[in-house]
Structure formats: C-alpha cells, structure tokens
Amino acid sequence: MRDWFKQGEHWVWFSAATVSISFVLVVGLILMIAIRGLVHFWPHTVHEIEIKNDQGNIETLVGEIHDTQIKLVSAPDDPNAEVRKVPQWLIKIGNRDVYGTDFRWINTDNIIGQDDRLAKNVTVLERYEWGNVYGQLQSIVRDGEVRAEGGNVKNVLDDLVGTGQSLHDKINHIERVDIGSINYQIEQLRLEEKRLKAENAYDDQAREANETERERLNAEFRDYQEKLEILREQADGLGEARLSLAGGESIQVPIKHIVRMWQPNNMSSADKVGFFFSSIGHFLGGEPREANTEGGVFPAIVGTITMVMLMAIFVTPLGVIAAVYMSEYAREGLVLRLVRISINNLAGVPSIVFGIFGLGFFVYIIGGSIDDLFYSYAQPSPTFGTPGLLWASLTMALLTLPVVIVSTQEGLSRIPSSLREGGLALGATKSETIMKIVLPMSMPAIMTGLILAVARAAGEVAPLMLVGVVKLAPELPVDFNAPFVHLDRKFMHLGFHIYDVGFQSPNVEASQPLVYATSLLLIIIIVSLNLGAITIRNSLREKYKALDN
Amino acid sequence: MDKSVQKKLDEALEGPKFQRRIKRRNLVDLSWASGFTVGGIGVIAAVLLIMFFLVYVVAPLFAPADIEKSKTFDLQQSGQEKTLYYGVDEYADSALRITDNGQVYGIDLTTGEKLRDERLPIGDALVTSYTTIDQEDQLLGFGLDDGSVLLVQYEYSVTYPNDVKTITPKLTYPYGTEPLSLADQPITHLSARKSGSQITFAYQQAGSSQLRVKQYDMIESMFSEEVTLELYQQGAFQAPEAFDWLKMGASMRNLYGLQQDGTIFYFDIRDPKQIRQIETVEALEPGQTLTAVQFLIGQYSLLLGDDAGKVSQWFPVRDQDNNYFLQKIRTFDVSDQPIKHIQVELNRKNFAVLDASNRVNMYNSTAHNNFADFSLDQDVSQVHISPRGDRLLIETPSHQLVTFDVDNEHPEVSMSSLWGQVWYEGYDEPEYIWQSSSASNDFEPKFSLMPLTFGTIKAALYSMLFAVPLAVLGAIYTAFFMDAKTRQVIKPTIELIEALPTVILGFLAGLWLAPYMEAHLAGFFSIIFLVPIGILLFGFMWSRLPEPVRLLVPTSGRAVLMLPVVVIIAFIALSLSGPLEALLFGGDMRHWLTESAGIDFDQRNAMVIGFAMGFALIPTIFSVAEDAIYNVPSYLVNGSLALGASGWQTMVGVVLPTASPGIFSAIMLGFGRGIGETMIVLMASGNTPLMDANLFEGMRTLAANLAVEMPEAALNSTHYRVLFLSGLVLFIFTFIFNTLAEVVRERMRRKYGSL
C-alpha cells in the first residue's frame, strides 16, 4: 500500500477520475436539456386525481403531472413536532380563465384512491389566449344551436379547428404582410414630409404628391380592412366548443381561438409521434404568445440569424486582413507582439465590456451623430441613436474578431511556403500571390473561423442586452418592404429569449418547458456549427499534411 | 529558341508599355501591402479605442469643477438691510431676494433687469427671525416682532410671450397673507418643518429661554382651495438659556439648539407635549466659536462652521440599544480663517463655504470632496447656489450681485467614495455600499465599487476552487496518460463546454441547480467528501485485483473505467442526503444552517456559482494546460521513465516543472474569464451587493451589475459614468491577467524552442 501511494498511483486515479467527471458533467448536462426540451413536445397523458383540500372537501383535478419535489411539512401549531418530508406533484390543470392559475402543487398525502388513473377521453385544446383547456368535449354550438354532439363531435371539431387555422393564417397574413407594408409606407411618407418641411422644400407639388400617395395607400388599407372583416366573420361563424371541466363547470371556447386539439389518452404511438413533430413545427414556426411563455420562437430565430449574418459580413474582411498582415507581412518584432497581445486581450475582454462600449460608442456617439446629420427631421425620436440591429452586429463583430483572426492565421500558416515561392518565382507580386494562391487555399480555414464566430455570436447574450435585443419586437428585422433588412430595428434573440422567459416571466412554471426547448434548439445550432467547424478544420489539416510531403 | 519568338518576348518585356504595366502592378502590390498593414495594426487600434473610449467616458468623473465669473449686477436696496433668502428658478435665469426688513426684490439674472420691488404683507412689523420650512417646496417662515409667523412660498412661472422664454418669480401665501400668531413676544429664533399634513414650529421668544413647540394641522377648506392651520398640540421645555440657532430635522423628530460656544442641545420632539432632551454635546474645542450652522439637503446632517476655519458634519446615529446620539461624521478643513457662511445645494449633498478672507470652497459631503476653491477680490456677504448647482450668486456688502457659472456634473464621486468606507446618512457606521438609485430626491447616492469588486473576486475564486482541480488534473491525465484514440473523443467533448452559451448554464444554475441544491444540501457536501474517498478506495481495490483482470484496463484507459464509477459514487452520495440530514442536522441542513449555526442562506449562493461558473471555466483552463503538458518533449519523459521513475513520478518530477508556466497561464486565463463572466452570475447569484465571503450567500459582480443597471442609466449621468468606470476596472483586470498569461506563454514557447 505504501508503494502504491509512493508511486503516486492514487494521483493517477484522481486525475483519471477528473476526466471522467468532466465528461459525465458535459454529457449529463446536454442529455438533461435534450430530454427536458423534447419532452415538451410529446403529448403528456392527462391524469385524473381526487384530493382532499384544506377545507376537507373532495376535489377532482384533471391535468398533466409536470414535476415532483419533496416538501418539508411541519405541524403548524406544534413547533417541536418533527419535520416530515412529503412528496409533492406539480399538476398542470390549465383552464386559466376558469381557475385563475395554470399549475397547482398538491401533496401526495391528500390524494384519495388511485393516483395514476388516466382521465378517459379527455380533450386538450391549445388556445391563443389563456393557455390550455382540459375537459370532456360535449358539443359544438353555433348561434345557440347545437351543431354536433355525441360520437362524431371530435371529428367535427377537428375539421373546424383546421378551417379556423387556415382562416387565422389568412388573417395573420393580411394583418402582418399586407397591412404591415401599407403602414410602413405611410410611416415613410410621414418621415418624408417631415424631412421636406425641415428643408423648407415642402411646396405645393410635394404636398400634392404626398397626399395622393397617402390617399392611395389609405384606399388599399380600406380594401384589406374589408377583406379582414369578411374573414373575421367567417371565423366567428365557426361556432364554439362546449366542454365540461373537472370541477363540474362547463366552458365554451370559440373555435377561432383554438390553435389545435388532441385527446392524449386516446392517441396511438403513431399519433403521438405525429403530434410530436407537429409540436416541433409549431415551436419553430410560431409566434410567441402570452408574454413569450407559450407559442413559438420564430421571431427569435429570424432575429438571431439576421444579426449573425450581418455580423459575418463585418467580421470576415476585418479578420482576414488582420490575419494576412500577421502571417504574410509583419516581421517578428515589437509591432507583431503588440498585435498578438491586442488579439489576446480582445478575446479575453469580458463580453459585457463590449456591450457597454457598443452602447456608449456605437449607439450614443456614432448613432447619435448619424441622427444629427441625416435624420434630424425625425427627432426627437431617434433612428440610429438607439440600440438596434446594426449596432448589435457591429458589437458582435468586434467581439468575434479574434476568433476569425486566429483561425485564419492558423490556416495561412499551414499553407506550405513552397506554394508562395512558386508564385513569386513565376513573377507574381506578393499581393498577387496572396490573393490568387494563398487566400483561395485557406478558404476552408476562413470558413472555420467564420462558423466559430457565428456560433459564439449566437450564444452570447450579455452585450446584446445593451445594444439592441428586446423581449418582444413588434416587427421582424427582415421583411418584404424595401430595404428588406432594417438596420435600425430592434430584434429578438434566442439566448435573450431564454434569459427573459426563464427569469423575467410572471409564470415561471408555465414557461420552464419552453425555456428547455429553446435551450435545446440553441445548443443544437451551436454544437452543430462547432462540429462543422471542427470537421472542416480536421480535413484541412489532413489536406496540407499531404501537400507537405 | 526561335528567333522570332525571342524577339516577340523581348518586345513584350521591354518598352514603355511593359514598364507601365510593371509600374501598375507594383502600385497595386504596394497598396495591398499598406492596406493589410493598416488593417493588421487596426487590431491594436481597436483595443486602444475600447480602452480610450472607456477612459474618455470615465474621465469627467474626476475633473474638477469649472467655475467662471459671469455677470455683475447692482442690487436694489432701501437703506441698511440684510438678505435673508434667495429664491432661484430651475434654469437660474431669475432670482428673488427677501431682506430682513421685509422687502422683496426680483432680478433677471441674464439682463439684470429689476423684476419686482415690494414688501411682505406684514405691515409695520419687523422680521425678527427666519427659517426655511421645506427646501423642496421653497416654503419659508418669517418670525415677526409681534410674535406671529408669516408663511411664504417661492414660485416662478414660465411663459412664452413672442416665443421668448420669460421667467417670472413670485411669492404665494399658501396659508393666507395674514400672519399666524404663534407667540406673544417677538420671535427670536424659529425653526419649522412641514411633513404630510402637519407643520411643526419650534421657537424661542424674546425675554425667555423657554423652548416652545407647536404643531399645526393643515385643514383644507371645503369650498375653496384655501388651507388654514389649526393648532393640534403644543409643548414647552425650559432650556437653560437662549440658543443662538434653532434647527429642526426633516422628520419632525430631532431638534437642535446650538450656542456660539459649540454646545448642542439635542431634543426629541416626536411628542411635542413631552419634549425630551437626549443629550448635550460639546461640538467644538474650548475657545472656539461657532460661526455658521446649516442643514445639508435632506435636513438630516448638520453642518457646523467655526472660527478656526473648519466645517464639521454631524448627524444622529443609533447605538446597539437603539438610542440615538449625535455623532461627528467628518470634518472639512476649509481654511484658517473663521467661517462666515455656509450655503447648501438643493439637489445634491453639496455645499459652499465662505470664510472671512472671502475664499469660497465647495464640497460634496458624501465624497468628502473639495471640488472648487476660489477667492474673490472683493468683500462677500452671502453665497447662494442655484437649484441645479450650475450657478453661484455672490452678494457683496456694496450691494452688488456677482454670478458665476459652475460646471460641476459629478461631485459625488471621489476615490474615497468609490473605494473607501463612507458614513452615509442614516447608517450606524461607515460602510461599503452600492446603491445607485432611489425614488427620493434628497437621496445620497452610494457608489462604492468595493462590494461589486469583492463579489466579482468571490465568484471567480469559488468557481476556480471547483474548476482548477478538475481542469488541471484532467489535463494532466488527458495529455500524459490517455491513449490517443480516447483523447480524440475526450478533448473535443470537454472543449465543447466552451461553446455552450452561458445563458443556458445560468438558466440551469438558477432555476434547476439552485433549488435542487437547497433541497439536497447535505448530498452535495457528501459528494465533495465521498467522491475522492470512493475514487481512492476503488483505485486501491483495483490494485489488489488479480493481474489478468487488472491488465484488462491499462493506465491509459482508466478514465473510461471511472465513468460508471463516478456516476455510482455520486448517486450514492446524493441518496445519502436524506439520512445525513436526519442524522447530523436534525432533518434539514438548510434549516439547521440558519437556525442553529446562524449562517445566512440564500438559494442562489456562491456554492451554486462555484459549480456553475466553475463548470464553464473548465475548458479554458483544460485546453491551455493540456497543450502545455502535451508539448513537453518526449525525450524528457522517456529519459525519466528509463531511469525507473513511475508514471506519476515522471509527471511530477519532469513534466510539471517544464509545463508549469503553461499551467500558470491557463489558470490566469481561467481567472480572467471568471471575472468577466456575466450571464451565469446574473442569473444564479441573487445579485445582492454584499461584502461577505459566506459560501451560502450570493453576491453581485461588476459584470452582472453592468448588465442590470446599464440599460436604465441616463446618458452621461454620474451613474452612467460610474458604470463605465466599473467596466474599465473589469477591462484592466482582464487585461492584466491576459497579458500576464500571454507573456508567460510566449516565454515558454521560446524555451521549448531551445529544448
């Protein structure tokens, strides 16, 4: 045993174990997020539980079991009594408009009878407002008349919900795209008028042109309003679904408010898989609802992608130029050392410092000057002198610059010098060699750097909170109105979405599954970007190994 | 070669056309070269830009006030009279002056035009005493020689005749123009406060040393806006003699009677019917004389000026038994001349001091900061500061008013208020406090960066405690013992943590780990103890196994072998949580900590941060340390092994000394990252700016503070600049650590080169 310690065997075991611990932590973490994120999309079975409440009455709860925890319960009147540990269940009972709350913690102590009974034929309705409904589907009512009842009521409702969905999509399209475009043009006209007035060029001719244009837009707007009116009437005409709830109340849900319906306890495995994928579709393509705690993350995905692509446009040339300077032009010496130290520091400066720099320098100073110079007519409401897409992507470009530089530089250094010498020997100038031979060959390395930069920018939140991200953006940063990408708009971001929904939301329990799902999405994006970069880099290394020999 | 070809070639490579092309190409080459060079050096410029921009924003915090003489006006005067009061509007464009014989004069501070010349509605009565009742509302009280008090409010109106902003100062009488009869003799000393719907007067009248307190209710008339005062209660206290100053605190609770020899009588007048003398304090050294007394804005701190040229700040402080006593907080050494006059600013804790040699010194009390010091070439009788602190009015005995423009944006910040302990109003002792905003107007901003810096270092250190052993030992094993194939899987997996968005780690730490840890506190401690012991036991037992079994897993494969082992040990340790708590902590460790051990417990605490941020730091340290160990030349290792050293002995004796600079720089980089990490601490630390190293309490770090407060800081306000200062502190911290790491690595690179 002494020998064992003397040879340091225990240290070898410790060090081996630390590797295992780190590995277990990483894999465990990702698995946990994956499971919790995916479970969100799977149709939960709905249980029916009878409990005795504080007043001694028996209450029936119908809902999904979402979480368990151990609670310490001490007898209220006896401080010396032993503290008992009682398992508690978090039940999602839905029907927020009736019960006032979505979730309830219940003590398993209070459960009467069976605790794993499934509610028979229960129907779940997902609504645009007020969350889910759990209840027994009774009938479909239109204008006070019962339209469907009994056995086929589910199929009828299914069809009606489908119709309601397509109507909703049409309404949404007109409201967002068509009317949105008109509103945008009217706003542009208003700004144009303000600008002309500020330049004292708003003469009769300009006024007339402006007013005709406005009149035309208003007419178009009225057209769309009429179309909307018709569609809305159709949606109203779909009727209402009547359900009876666990407490004995009944509820009537207008079919136009229903996103989708399902009967989880009657679903076959194939149905469940289908539901699973349709949930994922709703999540990726849907708009957030109910203060971001329900619905999808589509605007956040669009915002993240737009910001990241804009950032790539800024950071690539800058990073490549700096890398080419370092490996092709600079001579070993003080300047190069300073450049290296600068890059290291740029990589090491906390991201939040980039955030305040972006806010103070880009937004307030540069943006403020732009407003003063070009948009003074729009003041006091700022155009560029406020956090927005442009400043966010510039800040992120600065933040990710070292990633691109380091990766490009590595690629450049792997290109055999024989290739450069060959170019020079054939009479090409240095810049020609670099532009025509070296840079094209290091393209994969540049791509690697760019992908890593994009992955970094997609996951970074702290600086964005200061320079342009908002919890709910009224408009997407890209749309069909020229100039298509709106640099001055604020945008949503997946990472900030996690922070906001997880920490700022009023209904933490309701939003948690969504946060896990968003986290999973973000992790998938970032990990696959990273794996892609690693693959490109490895294949590049192999390629140049071959070239070297 | 064919002659014609040769000739054509010669033609192509000679002549002006060819020369031009060469020239053009060289020019292009040169411009590319300079372009790349400028771009490369631009990186240095970018870092410098960030740094200089931070400095540029921060610098005005420490700039001294800029004071410039602006205008001189002649004052209206009727006979010998002394100015009692100046009312100045928010824009410092007009002033209203009330003198001790009841005259009211208005003056336009841009043109010098006389705006008003009238008399207070006091008939033939004389003003015998004067007090400011409410500094915010500018409500004044004039004690008269017939024993009555006239309440006057200063107001101004802004109008735009012909699009020119015109400010008209005026006086209103919210309680009527009829003086309120308070005493039966001339009022010699008067002090009053308004609070809620009550006004309390304290006064002494001629020929008596009795201190009287009367409290009035404001009664609003049912039919008109008129408000009348109705006596609610009163009381008296037989003071030993007449005071020279009488000062009532803002909460209508503290009353101070002061005498010229520096004696302060401190009364409690919460119940006017039972005035209680709390104590008598000798504020000055024997032989000195009190020459000026003022309340700082907020009416909590007394400023006492004496004939030795010192101003001291006093306010009541609570002792352990909850009794208040008057405490000297700080002293301002103004000059060696007697203090003539003290004037306070209305929005910040600033005051101006005039001494007998006509020097004016301006101070901020919180920052203990003398931000202006200038003297005048003429005699001065009074100094007044405009509401926004941007203009000084100085009155001379020759009835002139001199105005000064003051540019003084950030008086409340000094090195001592940022980094030192400050005794804030209402606190029991000097403390480090970060509290940047509050609803009230006379709030004393508390900009101590110490709690934030402390929290930053606390968070970084606790997470290093978790990260360094895991990362460095892991790097040692991965680089030195592990076989190449496993290494190709393990290394990228651990480095993957680097790519995980910290917002996800923060979310998990705050919403999953923190409550889980609170419920399984004993389990986590048993993990910390049991996992190393279990590993040791397992390793030792493994060495006792028969050789064929042992050889199944070589040293290089131990990490894989340990995977299920650590999971099982951790699981056992966690499931021990319940029994352990029952056995050692009476059922619940968290309860036991607060109740029996007296340790404060927050759910989001340093332990959560240690685990979560430590986890995030692992890849940074691991990656650099692993590279350093991996790059140790193999002949050193082989030599050592050949001489009979065991694997670990080689590690400690040969590899570690060679790689130690690399490991050091890995740790530096990790620390630098821990200092700047924002989202994890923002979401999982509770964000309370505490100065407590307690493992079970949270903290607020510089970075998280920036994320929380930056969006609401007004552009160019003191708060904004102080936040930038904390950003600069972060920048400098990380700059030091990164540069240190880089320099060490650079040296190591050169050393390896020579090996």
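Top line first, the protein sequences correspond to chains L and H. Residue numbers for the first sequence follow my numbering, beginning at 7 and rising by one. Residue numbers for the second sequence follow my numbering, beginning at 222 and rising by one. Cβ coordinates follow ideal geometry from the N, Cα and C atoms, glycine included.
By the Cβ criterion, the segment 676-684 of chain H is in contact with the segment 918-926 of chain H, since at least three pairs of Cβ atoms, one from each stretch, lie closer than 8 Å. In the three-state reduction of the DSSP assignment, F761(H) falls in the helix class. For N544(H), the nearest beta carbon of chain L is not closer than 9 Å to its own beta carbon. F488(H) and L476(H) have their C-alpha atoms roughly 5 Å apart. For I362(L), the nearest beta carbon of chain H is closer than 9 Å to its own beta carbon.
Distance from the CA of H46(L) to the CA of A297(L), rounded to the nearest whole angstrom, comes to 18 Å. Chain-ordered, the chain L residues with CB closer than 7 Å to the CB of I839(H) read S28. Judged by DSSP secondary structure, P450(L) falls within the alpha helix (DSSP H) whose first and last residues are M449 to G465. Taking a beta-carbon distance threshold of 9 Å, H72(L) does not count as an interface residue toward chain H.
Closest in C-alpha terms to A267(H), from the list G373(L), L500(L), S387(L) and N350(L), comes N350(L). Residues of the segment 776-790 of chain H with a C-beta less than 8 Å from any C-beta of chain L: T776, R779, A780, V781, L782, M783, L784, V786, V787 and V788, listed in chain order. When C-beta atoms of the segment 869-879 of chain H are compared with those of the segment 11-29 of chain L, three or more pairs fall below 8 Å, so the two segments count as touching. One finds I504, Y505, G508, F509, V521 and S525 in chain L with Cβ atoms closer than 8 Å to the Cβ of F728(H), taken in chain order. Residue state for S387(L) is assigned as coil, using DSSP reduced to three classes. For E716(H), the enclosing alpha helix (DSSP H) has its first and last residue at A705 to A720.
Spatial neighbours of I177(L) in its own chain (CB-CB distance under 8 Å, excluding positions within 5 residues in sequence) are listed in chain order as L234, L237, R238 and A241. In this structure, R420(L) keeps its C-beta atom at 9 Å or more from the C-beta atom of S399(L). Cβ atoms of R148(L) and G245(L) come within 8 Å of each other, at about 3 Å. With contacts defined by Cβ atoms closer than 9 Å, G323(H) and Y375(H) do not form a contacting pair. Taking a beta-carbon distance threshold of 9 Å, I319(L) does not count as an interface residue toward chain H.
For L927(H), the closest Cβ of chain L is nearer than 9 Å.
Annotated three-state conformation of P93(L) is strand, per DSSP.
With respect to Q191(L), L223(L) sits close: the two C-beta atoms are nearer than 9 Å.
When secondary structure is reduced to three states using DSSP, D277(L) falls in the helix class. At a Cβ-Cβ threshold of 9 Å, S867(H) and Q13(L) count as neighbours. Per DSSP, the continuous beta strand (DSSP E) segment holding E339(H) begins and ends at K335 to R340. Nearest Cα to D528(H) within the set K549(H), N544(H) and D576(H): D576(H). D600(H) and V581(H) have their C-alpha atoms roughly 11 Å apart. The beta carbons of Q548(H) and H605(H) sit no closer together than 9 Å. A254(H) reaches chain L at Y335, K436 and S437, counting residues in chain order whose Cβ is nearer than 8 Å. Inclusion of E616(H) and L317(H) in the CB contact set at 9 Å is not warranted, their separation being larger than that value. Classified as exposed, G157(L) has fewer than 16 neighbouring CB atoms from the shown chains inside 10 Å of its CB.
With respect to L890(H), A962(H) sits close: the two C-beta atoms are nearer than 9 Å. Of the candidates S442(H), T714(H), I388(H) and V434(H), S442(H) places its Cα closest to the Cα of G397(H). Here I518(H) carries a coil assignment [DSSP, helix/strand/coil].
Taking 9 Å as the CB threshold, S382(L) stays off the interface with chain H.
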